[in-house]
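Novice: This is the structure I have questions about; it appears just below.
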Amino acid sequence: MARSVTFHFVPPAYEPDIGALVYGMTYQDRLYLPYRNFFNNSDWPSIDESQVCPVIALSTEFQEFFVRVWDTATPSKRYRASFMLASTIVHEVAHAYYHHARPWHSDDELEPYHTLEDSKPELGFSWEKWAFGVLINPCNHSITNIGALASCSEVRFQPGEETRSSECKEFPGVTFLPSQNWKGDQWSTVDFNRENRTRLVFRAVPMRWVHEWFDKRCWADAETSEEYAPNPLGPTLMLNFEKANGRLRCFYGVDAG
Ligand SMILES: [Zn+2]
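Under the numbering used here, the first residue of the sequence shown carries the number 212, and numbering increases by one thereafter.
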C-alpha cells in the first residue's frame with residue numbers, strides 16, 4: 212500500500228468548489244480527481260501501478276497554514292493545526308486502506324461498519340472514534356485561523372420523548388442547565404435544518420489533551436500498555452443544542468472528567 216498511495220494538496224484555485232468543511236478526501240485513482248487538469252503527469256511520483264493507486268487530497272488550508280501562518284501563529288494554534296493535519300492524514304489512510312482491501316469497489320458502495328457503535332459506515336470516522344474516543348473539529352471550521360477544537364455528537368430522542376431532562380443517560384454525572392441568554396445562530400457549527408427531537412452535544416477539547424499527543428511520554432505509555440484506550444479529555448465544558456417543537460434551546464454543563 213505504501214508504494215501506491217500518493218498525497219497532494221488541493222490546488223488553491225480549486226478550493227472554493229469543494230467547500231471549507233473538507234479537510235481531506237480520498238479518491239480511488241488520480242483519474243477521478245475533479246481537478247486533475249491542474250496537474251501534469253510529471254507532477255506525480257512514480258508508483259506501483261500493478262495495484263489500486265488511491266490518491267489522498269489534503270485541503271490547501273494546511274499548506275497555507277504551514278507556509279504562511281506558522282511563523283506568527285500562537286503555540287496553541289500550531290498544536291491544533293498539527294493535530295488536525297495528523298488526524299486528517301490517518302483518517303484518509305483508513306479510506307485508502309479500504310480501496311486496497313476491496314479494489315475497484317463502486318463509488319456508491321458503502322464502507323463497512325467497524326464496530327456496532329459506529330453511527331455510520333465511514334472508516335475514517337471509525338478510526339477517529341477508536342483513536343480519540345470522539346470526533347474532533349475546529350469550532351470555526353478554519354485551519355489557517357484555527358480556533359478552539361470541539362467534539363460533536365448527536366443524541367436522538369426516544370419515541371414519545373419531547374426534551375431531555377437536566378441529566379442525560381449518555382453523559383452520566385453531567386447536569387445540564389438551560390442557558391437563558393445565548394448567542395443563537397452565532398454558534399456557527401449548529402445546523403438549524405437538522406431534524407427535530409435531537410440534541411447536538413459539543414464538548415470542548417482542552418489544549419492539555421491536544422498537547423499530550425506531541426509528548427513522547429504519551430506514545431511510550433501507549434506502547435507499553437496491553438490494550439489501547441484513548442486518553443480521556445478530562446474536565447470539559449459541554450454545550451447542547453436541542454431542536455424540539457420548533458424551538459431551539461441551549462443547555463450547558465461541565466463534565467468533571
Ligand atoms: Zn472520511
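Don't be surprised by glycine CBs; every beta carbon is placed ideally from N, CA and C.
Between residue 463 and residue 360, is the Cβ-Cβ spacing less than 8 Å?
Specialist: no
Novice: Quick one: residues in its chain with C-beta nearer than 6 Å to the C-beta of residue 216, no 5 flanking neighbours on either side, listed in chain order?
Specialist: 265, 307
Novice: Which same chain residues end up closer than 6 Å to residue 418 when comparing Cβ atoms and leaving out the 5 residues on each side of it in sequence?
Specialist: The residues are 287.
Novice: Kindly indicate the opening and closing residues of the alpha helix (DSSP H) around residue 379.
Specialist: No alpha helix (DSSP H) contains residue 379, which DSSP labels as neither H nor E.
Novice: Rounding to the nearest angstrom, what Cα-Cα distance links residue 386 and residue 415 in this structure?
Specialist: Taking the straight line from one Cα to the other gives about 16 Å.
Novice: Give, in chain order, every unbroken run of the beta strand (DSSP E) that is at least 3 residues long and sits entirely within the region 278 to 364.
Specialist: 347 to 349
Novice: Would residue 450 and residue 413 be called neighbours here (beta carbons separated by less than 8 Å)?
Specialist: Cβ distance < 8 Å, so residue 450 and residue 413 count as in contact.
Novice: Taking the alpha helix (DSSP H) that residue 419 falls in, what are its first and last residues?
Specialist: 418 to 423
Novice: Around the C-beta of residue 238, are 16 or more other C-beta atoms found within 10 angstroms, so that it is buried, or is it exposed?
Specialist: buried
Novice: Quick one: residues in its chain with C-beta nearer than 8 Å to the C-beta of residue 447, no 5 flanking neighbours on either side, listed in chain order?
Specialist: For residue 447, where only same-chain residues beyond five positions count, the Cβ hits under 8 Å are 414, 415, 416, 417, 465, 466, 468.
Novice: Kindly identify the DSSP beta-bridge partner or partners of residue 465.
Specialist: 448
Novice: Can the beta-carbon of residue 336 be found less than 8 Å from the beta-carbon of residue 274?
Specialist: no
Novice: Between the alpha carbons of residue 249 and residue 422, how many angstroms are there, rounded?
Specialist: 36 Å
Novice: Less than 8 Å between the beta carbons of residue 320 and residue 333, yes or no?
Specialist: Not closer than 8 Å, so no.
Novice: Cβ-heavy atom distance between residue 310 and ligand 1 below 7 Å?
Specialist: No, the Cβ of residue 310 stays beyond 7 Å of every heavy atom of ligand 1.
Novice: On the premise that residue 365 lies in contact with residue 326, defined as a C-beta separation below 8 Å, what is that separation, rounded to the nearest angstrom?
Specialist: About 17 Å separates the two Cβ atoms, so there is no contact after all.
Novice: Just to check my reading of the structure: residue 373 and residue 456 have Cβ atoms closer than 8 Å, yes? What is that Cβ distance to the nearest angstrom?
Specialist: 7 Å
Novice: Based on DSSP bridge pairs, tell me the residues matched to residue 453.
Specialist: 410, 460
Novice: Between residue 270 and residue 233, how many whole angstroms is the CB-CB distance? I'm expecting something under 8 Å.
Specialist: 6 Å
Novice: With hydrogens ignored, establish whether the beta-carbon of residue 336 is closer than 7 Å to any heavy atom of ligand 1.
Specialist: yes
Novice: Suppose contacts are defined by Cβ-Cβ distances below 8 Å. Is residue 437 in contact with residue 375 by that definition?
Specialist: no
Novice: On the three-state DSSP scale, how would you describe residue 399?
Specialist: The predicted position of residue 399 is uncertain, since its pLDDT is 47 and thus under 50; a value taken from the coordinates is nonetheless stated next. Correct three-state label for residue 399: coil.
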